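Protein chains in written order, with the working numbering: chain A, 1 to 397; chain B, 1001 to 1136.
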């Protein structure tokens, strides 16, 4: 029994596709059996909502009169990169606001930065552009200060070179001092534990060998119709995997892009991590076509079958020792308490299961209504790829 | 015995009056102060919980109205903005009283129970999305 993308798309277009969320499919297959369910189910929707630090966007402002080749720019005092064409800029999510004291008075607050600019853009707010230039014969203007919103831009294109991490570390702090990380505030002596994955809802945990998610796959990027444009940075498919093929550590990643003008503000949110910096939390939904029973089988993965590595963020993570304190399941993590080294530790998440579930359901209705068609990948993601470390060479002067 | 959370705003004119002293001495109330900033010649605030008999609490509230202080019953010091909350749950472990908690395990929805808040402000640092803020 197998289906093609074309057959599934025909059913979607005629409003007859059977679509389940990654949560619903678990019980459905239990009840109906794998073979029968594979015939019935056409699409399973997966999703995640969490901080994705490698987010950014390309913006095109259009030309002023006289023209300007912007060489330095700030949007709401957050620096944007201008080493590209005249009125194009690139703004990154983790860029701090000009004059932010960062961690000079530790822990810094990082109340506003690139992620917040992106949130404000999508929310339709007015922002200030300040730009400087050295002036040329064809682009004489040397300074600009103006208010704009997303509708004034020709293009506002989000790019996320590393998104949807297949799995992720679980953080604790073994030291006797509180630490501030991108996985939140970690209290001393393992008094709390944090993780950041949607577990059984996460796209790449439902397609662990990248059989359907590849370059060209259409995705729901904060409400916009986006797509996978490349393997994500640090894509490392040769990660350690469990018996079910599901990685127990980072592993695969996706590079995504989408039109910010189509995005929903609810799913594009600037984030401030005390003592760490700014970022952007983003909602992503990925449909998995049920081409055959094996693909369906993998979407029935549940939290108890997915494990992640607990890492000490006070020493082992920063020192890159590679030491793993334990492996725990997402079922245990999601219960809110995990026992580690004889100690019961409260657990919370930085990823929102609540929002991920909402996205699974939003994408499900778009597909059911025939508004979201699937696209067959034009290229698969690498399956045998490792990850290099930085080798520091040369003499230090 | 009942317990009530109250928030008092002191205009400049009232900052030199020992109001809490009278609450304890004259109305036999148990006072638990969460946050306070009352400086002579400046406006200030006092966020506290009082425990006592219904009668004494009623009389104490009547007494408070004889001053020019603004009395708010309930939590006024910490605001949880539901529209900014993404339900990631990062705050939950940092909230010592469970005022911020997961109210629905299957969908992991977070909610804020004002009554349980002691205004320790730990949630403000813990929330990456600015959902919790101090209003005073």
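In this text, a Cβ means the ideal position worked out from N, Cα and C, and glycines have one as well.
On a predicted model such as this, the values are computed, not experimentally measured, just so you know.
Where residue i meets chain B, residues with beta-carbon distance less than 7 Å
i                     : result
residue 16 (chain A)  : Ordered by position in chain B, no residue passes the 7 Å Cβ test against residue 16 (chain A), which lies about 29 Å from the chain.
residue 371 (chain A) : Within chain B, no residue comes near residue 371 (chain A); the closest Cβ sits about 24 Å away, beyond 7 Å.
residue 49 (chain A)  : 1086
Within chain A, partners of residue i - CB distance below 9 Å
i                      : result
residue 1132 (chain B) : Here the premise fails: no neighbours, minimum Cβ distance about 12 Å.
residue 1129 (chain B) : 269, 270, 271, 272, 281
residue 1036 (chain B) : Per Cβ cutoff of 9 Å: no residues; residue 1036 (chain B) is ~24 Å from chain A at best.
residue 1073 (chain B) : Neighbours of residue 1073 (chain B) on chain A: none; closest Cβ ~31 Å, over 9 Å.
Of the residues the options, the one placed nearest residue i, counting alpha carbons only
i                      : options                        : result
residue 201 (chain A)  : A:8, A:4, A:357, A:381         : A:357
residue 125 (chain A)  : A:267, A:76, A:339             : A:76
residue 1094 (chain B) : B:1019, B:1107, B:1125, B:1031 : B:1125
residue 318 (chain A)  : A:67, A:123, A:182             : A:182
residue 44 (chain A)   : A:218, A:35, A:24, A:249       : A:24
residue 1123 (chain B) : B:1109, B:1103, B:1091, B:1098 : B:1091
residue 26 (chain A)   : A:13, A:41, A:62               : A:41
residue 372 (chain A)  : A:233, A:382, A:361            : A:361
residue 264 (chain A)  : A:226, A:136, A:307, A:249     : A:226
residue 1011 (chain B) : B:1039, B:1032, B:1034         : B:1039
residue 1035 (chain B) : B:1098, B:1081, B:1082, B:1007 : B:1007
residue 49 (chain A)   : B:1129, B:1086, B:1027         : B:1086
residue 399 (chain A)  : B:1022, B:1018, B:1114, B:1101 : Since the first residue of chain A shown is 1 and the last is 397, residue 399 (chain A) is not available in this structure.
residue 228 (chain A)  : A:258, A:245, A:208, A:240     : A:258
residue 279 (chain A)  : A:116, A:63, A:294             : A:116
residue 80 (chain A)   : A:105, A:172, A:118, A:380     : A:118
residue 160 (chain A)  : A:237, A:277, A:268, A:33      : A:268
residue 298 (chain A)  : A:207, A:177, A:332, A:69      : A:207
residue 221 (chain A)  : A:112, A:46, A:99, A:29        : A:46
residue 55 (chain A)   : A:325, A:162, A:316            : A:162
Listed by chain order, chain A residues near residue i by CB distance under 8 Å
i                      : result
residue 1107 (chain B) : 353, 354, 357
residue 1087 (chain B) : 352, 353, 354, 355
DSSP state of residue i mapped onto helix, strand, coil
i                      : result
residue 1101 (chain B) : strand
residue 1024 (chain B) : helix
residue 350 (chain A)  : coil
residue 151 (chain A)  : helix
residue 157 (chain A)  : strand
residue 218 (chain A)  : strand
residue 112 (chain A)  : coil
residue 250 (chain A)  : coil
residue 99 (chain A)   : coil
residue 385 (chain A)  : coil
residue 243 (chain A)  : coil
residue 1 (chain A)    : coil
residue 23 (chain A)   : coil
residue 393 (chain A)  : coil
residue 368 (chain A)  : helix
residue 332 (chain A)  : helix
residue 107 (chain A)  : coil
residue 1067 (chain B) : coil
residue 88 (chain A)   : strand
residue 130 (chain A)  : strand
residue 1137 (chain B) : Residue 1137 (chain B) cannot be examined here, being either before or after the span of chain B that is shown, 1001 to 1136.
Status (buried if at least 16 other CB within 10 Å, exposed otherwise) for residue i
i                      : result
residue 1005 (chain B) : buried
residue 274 (chain A)  : buried
residue 321 (chain A)  : exposed
residue 1071 (chain B) : exposed
residue 6 (chain A)    : exposed
residue 1058 (chain B) : exposed
residue 13 (chain A)   : exposed
residue 65 (chain A)   : exposed
residue 1025 (chain B) : exposed
residue 1003 (chain B) : exposed
residue 21 (chain A)   : buried
residue 390 (chain A)  : exposed
residue 37 (chain A)   : buried
residue 323 (chain A)  : exposed
residue 292 (chain A)  : exposed
residue 210 (chain A)  : buried
Where residue i meets chain B, residues with beta-carbon distance less than 8 Å
i                     : result
residue 118 (chain A) : Going along chain B, no residue has its Cβ under 8 Å from residue 118 (chain A), so there is no contact; the nearest lies around 14 Å.
Contact list for residue i against chain B, beta-carbon separation under 9 Å
i                     : result
residue 212 (chain A) : Result: empty, since nearest Cβ-Cβ is about 26 Å, beyond 9 Å.
Residue i: contacting residues in chain A (beta-carbon distance under 7 Å)
i                      : result
residue 1125 (chain B) : 185, 274
Near the ligand GTP: residue i beta-carbon under 7 Å from a heavy atom
i                     : result
residue 264 (chain A) : The ligand GTP is absent from the structure shown, which contains no ligands of any kind.
Closer than 7 Å between beta carbons: that is the criterion. Which residues of the stretch 306 to 318 of chain A meet it against chain B?
none
Near-chain A residues of the stretch 1093 to 1118 of chain B (beta-carbon distance less than 9 Å), N- to C-terminal order
1093, 1094, 1102, 1104, 1105, 1106, 1107, 1108, 1109, 1110
Closer than 7 Å, Cβ to Cβ, to anything on chain B: give me those residues from the stretch 265 to 291 of chain A, in chain order.
269, 271, 272, 273, 274, 281
Against chain A: residues of the stretch 1055 to 1066 of chain B by CB proximity under 8 Å:
none
Counting only Cβ-Cβ distances shorter than 8 Å, please list the residues of the stretch 330 to 350 of chain A near chain B, keeping chain order.
334, 336, 346, 347, 348, 349, 350
Could you name the residues of the stretch 136 to 163 of chain A whose beta carbon sits closer than 7 Å to any beta carbon of chain B, in the order they occur along the chain?
none
Positions along the stretch 169 to 186 of chain A whose CB lies within less than 8 Å of some CB in chain B:
184, 185
Closer than 8 Å, Cβ to Cβ, to anything on chain B: give me those residues from the stretch 190 to 220 of chain A, in chain order.
192, 194
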